[in-house]
Amino acid sequence: MTHLYSVTLGVLVVAGLLTLVRLVHGPRALDRIMALDVIVTMVIAGTAVGMTLRDDSTALPVLVVLALLAFIGSVTAAHLVEKRKGMR
Amino acid sequence: MTLLRDVVTAVLFLTGACFCLLGAVGLLRFRDTVSRLHAASKAQTLGLLLILVGAAVNRPLRDAPVLLLVALFQLFNAPITSQIVGRTAYRTHAVDRRRLFSDELADRLARDGTPLREQGGLTPDKEEGKNPDDEDR
Chain A
686 MTHLYSVTLG
696 VLVVAGLLTL
706 VRLVHGPRAL
716 DRIMALDVIV
726 TMVIAGTAVG
736 MTLRDDSTAL
746 PVLVVLALLA
756 FIGSVTAAHL
766 VEKRKGMR
Chain B
19 MTLLRDVVTA
29 VLFLTGACFC
39 LLGAVGLLRF
49 RDTVSRLHAA
59 SKAQTLGLLL
69 ILVGAAVNRP
79 LRDAPVLLLV
89 ALFQLFNAPI
99 TSQIVGRTAY
109 RTHAVDRRRL
119 FSDELADRLA
129 RDGTPLREQG
139 GLTPDKEEGK
149 NPDDEDR
């Protein structure tokens with residue numbers, strides 16, 4: 686089963702790389718915010734898979750911190766864009 | 019029993035990862051900020067939730083509440099972020115209005131007496147009202 690978990694990690698990495706292309710490419714700040722949010726989600730998912738893979742719960746608080754950080758970060762950034770209209 | 023648990027976890031993990039991948043592909047290929055929002059939220063909610071459930075099945079029971087907490091955060095996070103990003107996209111003219119089937123916000127703003135074309139769908143907000151609309155364009 687560990688192989689399948691590793692495959693899951695591989696799929697998540699591919700998804701993260703595809704999202705990274707959107708993050709770099711833009712074209713708007715909103716697209717970047719969204720891509721960053723999705724990447725953080727994938728990091729959370731990858732950490733959960735890694736926890737299962739290594740049979741180790743040490744990374745559990747990291748999940749909570751990342752989830753909170755993703756929320757605060759993207760909401761703040763989106764508000765910033767709304768204030769500075771036309772920001773690309 | 020352990021085998022069954024592992025199989026369930028593997029299926030949940032792979033399904034969740036596939037949703038993440040589909041979300042990423044959609045994020046890359048859709049041509050509009052709002053369409054991309056639609057693709058991104060699939061990866062954010064369904065993909066992550068399936069993976070968290072898979073981890074909860076496999077990990078000891080005391081990990082489950084924390085994983086549940088993360089899932090709840092994510093369930094709050096995704097719609098709120100989507101709503102804010104969508105609204106900002108609408109107000110910064112990132113939405114192609116001709117492609118919309120129904121544009122309820124425009125009706126509402128028209129009823130409130132905010133002309134859309136000049137104001138870009140702004141609500142009467144003092145701080146934003148000061149800035150000229152096409153500052154950086």
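So the sequence lines, in the order shown, correspond to chains A and B.
According to our numbering, the first sequence is numbered sequentially starting from 686.
According to our numbering, the second sequence is numbered sequentially starting from 19.
Think of the CB as a built atom: it goes at the ideal place given N, C-alpha and C, for glycine as much as any other residue.
- Cβ of residue 65 of chain B within 8 Å of Cβ of residue 44 of chain B? Cβ distance not < 8 Å, so residue 65 of chain B and residue 44 of chain B don't count as in contact.
- residue 755 of chain A: buried (16+ other C-beta within 10 angstroms of its C-beta) or exposed? When all chains shown are included, residue 755 of chain A counts as buried.
- Task: Please determine, among A:740, A:729, A:768, the residue with the shortest C-alpha to C-alpha distance to residue 77 of chain B.
- Result: Among A:740, A:729, A:768, the Cα nearest to that of residue 77 of chain B belongs to A:740.
- Message: Is there a Cβ of chain B sitting closer than 8 Å to that of residue 743 of chain A, yes or no?
- Response: Contact with chain B is absent for residue 743 of chain A, since none of that chain's Cβ atoms lies less than 8 Å from the residue's Cβ.
- Message: Counting only Cβ-Cβ distances shorter than 8 Å, please list the residues of the region 33 to 50 of chain B near chain A, keeping chain order.
- Response: Within the region 33 to 50 of chain B, the residues whose Cβ lies closer than 8 Å to some Cβ of chain A are 34, 35, 36, 38, 39, 41, 42, 43, 45, 46, listed in chain order.
- In chain order, which continuous runs of the alpha helix (DSSP H) of length 4 or greater are located wholly inside the region 57 to 102 of chain B? Within the region 57 to 102 of chain B, the runs of alpha helix (DSSP H) at least 4 residues long that lie entirely inside it are, in chain order, 66 to 76.
- Taking the alpha-carbon positions, what's the residue 114 of chain B to residue 121 of chain B distance? For residue 114 of chain B and residue 121 of chain B, the distance between alpha carbons rounds to 11 Å.
- Item | Alpha-carbon to alpha-carbon, residue 81 of chain B and residue 99 of chain B | In a straight line, the C-alpha of residue 99 of chain B is about 27 Å away from that of residue 81 of chain B.
- Task: Classify residue 24 of chain B as helix, strand or coil using the three-state DSSP reduction.
- Result: Correct three-state label for residue 24 of chain B: helix.
- Query: Do we get a CB-CB distance below 8 Å when we pair residue 753 of chain A with the residues of chain B?
  - Reply: By the rule that beta-carbons nearer than 8 Å mark a contact, residue 753 of chain A touches chain B.
- Message: Rounding to the nearest angstrom, what Cα-Cα distance links residue 50 of chain B and residue 112 of chain B in this structure?
- Response: So the two alpha carbons sit approximately 8 Å from each other.
- Message: Is it buried or exposed, residue 125 of chain B, if we count other Cβ atoms within 10 angstroms and call 16 or more buried?
- Response: With fewer than 16 other beta carbons inside 10 angstroms of its own, residue 125 of chain B counts as exposed.
- Query: Does DSSP put residue 692 of chain A in a helix, in a strand, or in coil?
  - Reply: Three-state result, residue 692 of chain A: helix.
- Three or more C-beta pairs closer than 8 Å, one from the region 23 to 39 of chain B and one from the region 81 to 96 of chain B: is that the case here? Fewer than three beta-carbon pairs drawn from the region 23 to 39 of chain B and the region 81 to 96 of chain B are found closer than 8 Å, and the two stretches are therefore not classed as touching.
- Task: Examine chain B for any beta-carbon lying closer than 8 Å to the beta-carbon of residue 699 of chain A, and answer yes or no.
- Result: Closer than 8 Å to some Cβ of chain B, the Cβ of residue 699 of chain A qualifies, so yes.
- Query: Run through DSSP, which three-state label would residue 744 of chain A get?
  - Reply: Look at residue 744 of chain A here: in three-state DSSP terms it is coil, with no helix or strand label.
- Message: Closest to residue 753 of chain A by C-alpha separation, out of B:83, B:79, B:95, B:84, would be which residue?
- Response: Of the candidates B:83, B:79, B:95, B:84, the one whose C-alpha sits nearest the C-alpha of residue 753 of chain A is B:95.
- Does the count of Cβ pairs from the region 688 to 707 of chain A and the region 728 to 746 of chain A closer than 8 Å reach three? At 8 Å Cβ cutoff, the stretches touch.
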